[in-house]
């Protein structure tokens, strides 16, 4: 009787996905039957993989020092760098970093590696190519496309008949029913958070700005002859400020700890059925 009073997180099955609160009943029994099958829920995997195909053609990437050829094989190598099991949206950061590493390794000039990587990171054309090949996707958009683009559903579920594909289509792709919730939940688990990458880039930009500001303050203090004389014994605060560890500690002292986790993201360990009411 006390299950859930403390130490665990509970919710109704509807609450597992944001669309559950307003989801209606599936009026067509045949559509409800199709969506209830484990086979159709498994369509989420090929639906996501459709957006994970590396470009089949190479591209010349311009830098301040020279042009670097990024071949189709390089694209394939970068796309294969994501750790197994990483959600689609969160894997894109790993692919982006691998692309930068490949380009830095292929560069045969004398540009400093840090400057070259920073320059490539700001290359909008390169990022746009990655964005088209491995886009960030919302779970609702992915599942909605299955119910509004017949060719997409046929590609992901080739065992469905033409009649079944047509029956699953609907005018409003986002008119969610309770029968859609398992697919939305599976899609959200497979895709991950589409905002995670953007938050990480904003966080890194803020951290870099903090470090730059801290470096300017420290260099100004170190240049102050009066303060330098006070620390002439080599044991004062200014001597400590010369160390990178203290600078990093100061720069991160007031940095936000991060985004609060989604308490309903799961995975949950049990489904509790109240037999007195169900």
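In full-length UniProt numbering, the protein residues as written are 1 to 278. Positions of the beta carbon are idealized from the N, C-alpha and C atoms, including for glycine.
Short of 7 Å in beta carbon distance, which residues of its chain neighbour residue 75, apart from the five on each side in sequence? Order them along the chain. Position 75 of the chain shown holds residue 75. Contacts found: 54 and 55.
Taking DSSP's pairing of strands, which residues face residue 177 in a bridge? The count along the chain shown starts at 1 and reaches residue 177 at position 177. According to DSSP, residue 177 bridges with 24.
Tell me the rounded alpha-carbon separation between residue 129 and residue 13. As a first step, residue 129 is located in the chain shown; it is residue number 129 there, counting from the start. As a first step, residue 13 is located in the chain shown; it is residue number 13 there, counting from the start. The straight-line gap from Cα to Cα measures roughly 39 Å.
Consult DSSP for residue 96 and reduce its assignment to one of helix, strand or coil. Taking the first residue of the chain shown as 1, we reach residue 96 at position 96. It is helical.
For residue 70, report the span of its beta strand (DSSP E) as first-last. Translated into the one-based positions of the chain shown, residue 70 becomes position 70. From DSSP, the beta strand (DSSP E) with residue 70 extends over 67-70.
Counted within 10 angstroms of its Cβ, other Cβ atoms place residue 50 as buried (16 or more) or exposed: Here residue 50 refers to the residue found at position 50 of the chain shown. It counts as exposed.
Start and end residues, beta strand (DSSP E) containing residue 164: Within the chain shown, the letter at position 164 stands for residue 164. Here residue 164 belongs to no beta strand (DSSP E); instead the alpha helix (DSSP H) covers 162-168.
Among 159, 272, 173 and 137, whose alpha-carbon lies nearest the alpha-carbon of residue 144? As a position in the chain shown, residue 144 is number 144, starting the count at 1. Here the closest residue by C-alpha is 173.
For the alpha helix (DSSP H) containing residue 60, name the first residue and the last one. Here residue 60 refers to the residue found at position 60 when the chain shown is read from its first residue. Note, residue 60: premise wrong, no alpha helix (DSSP H); beta strand (DSSP E) at 59-62.
For residue 69, count neighbouring C-beta atoms within 10 Å of its own C-beta (all shown protein chains included) and say buried if the count is 16 or more, exposed if not. Locating residue 69 in the chain shown gives position 69, where the first residue counts as 1. Residue 69 comes out exposed.
If you draw a straight line from the C-alpha of residue 58 to the C-alpha of residue 270, how long is it? Numbered from its first residue, the chain shown carries residue 58 at position 58. Numbered from its first residue, the chain shown carries residue 270 at position 270. The straight-line gap from Cα to Cα measures roughly 48 Å.
Candidates 117, 163 and 99, of which the one nearest residue 65 by Cα: Mapped onto the chain shown, residue 65 falls at position 65. Nearest of 117, 163 and 99 to residue 65, Cα basis: 117.
Specify the secondary structure class of residue 213 as computed by DSSP and reduced to three states. The residue you call residue 213 lines up with position 213 of the chain shown. Correct three-state label for residue 213: helix.
Please name the residue, chosen from 36, 119 and 47, that lies closest to residue 67 on a Cα-to-Cα basis. Within the chain shown, numbered from 1, the residue matching residue 67 stands at position 67. For the residues 36, 119 and 47, the minimum Cα distance to residue 67 belongs to 119.
Can you give the Cα-Cα distance for residue 210 and residue 121, rounded to whole angstroms? The residue you call residue 210 lines up with position 210 of the chain shown. The residue you call residue 121 lines up with position 121 of the chain shown. If you take the alpha carbons of residue 210 and residue 121, they lie about 19 Å apart.
Does residue 195 come out as helix, strand or coil in the three-state DSSP assignment? Indexing the chain shown from 1 puts residue 195 at position 195. Coil at residue 195, not helix or strand.
Our contact map puts residue 157 next to residue 40 with C-beta atoms below 8 Å; I'd like the distance itself, whole angstroms only. Position 157 of the chain shown holds residue 157. Position 40 of the chain shown holds residue 40. With 8 Å as the limit, residue 157 and residue 40 qualify as a contact, their Cβ atoms being about 7 Å apart.
Where does residue 180 land, buried or exposed, given buried means 16+ other C-beta within 10 angstroms? Here residue 180 is taken as the residue at index 180 of the chain shown, counted from 1. With 16 or more other Cβ atoms within 10 Å, it is buried.
Closest to residue 45 by CA distance: which of 216, 189, 217 and 220 is it? On the chain shown, position 45 is the one that residue 45 refers to. When only C-alpha atoms are compared, the closest one is 189.
Just verifying my parser: in three-state terms, what is the DSSP assignment at residue 9? Position 9 of the chain shown, counted from the start, is the residue given in the question as residue 9. Of the three classes helix, strand and coil, the one that applies to residue 9 here is coil, per DSSP.
Within 10 Å of its beta-carbon, does residue 89 have 16 or more other beta-carbons around it, so buried, or fewer, so exposed? Taking the first residue of the chain shown as position 1, residue 89 is located at position 89. By the neighbour-count rule (16 or more Cβ atoms within 10 Å), residue 89 is buried.
Which term fits residue 155, buried or exposed, when burial requires 16 or more other beta carbons within 10 angstroms of its beta carbon? In the chain shown, the residue the question calls residue 155 occupies position 155. Answer is exposed; the Cβ neighbour count stays below 16.
Measuring only the C-alpha atoms, how far is residue 187 from residue 193? Taking the chain shown and counting its residues from 1, one reaches residue 187 at position 187. Taking the chain shown and counting its residues from 1, one reaches residue 193 at position 193. Roughly 11 Å between the two C-alpha positions.
Per-residue DSSP class, three states only, for residue 101: For the purposes of this step, residue 101 is taken as the residue at position 101 of the chain shown. If DSSP states are grouped into helix, strand and coil, residue 101 belongs with the helices.
On a CA-only basis, which of 149, 71, 165 and 191 is nearest residue 103? Give me that one, please. Position 103 of the chain shown, counted from the start, is the residue given in the question as residue 103. It is 71.
Helix or strand or just coil, what does DSSP make of residue 145? By one-based count along the chain shown, residue 145 stands at place 145. Helix.
DSSP three-state call for residue 122: helix, strand or coil? For the purposes of this step, residue 122 is identified with residue 122 of the chain shown, where counting begins at 1. Three-state result, residue 122: coil.
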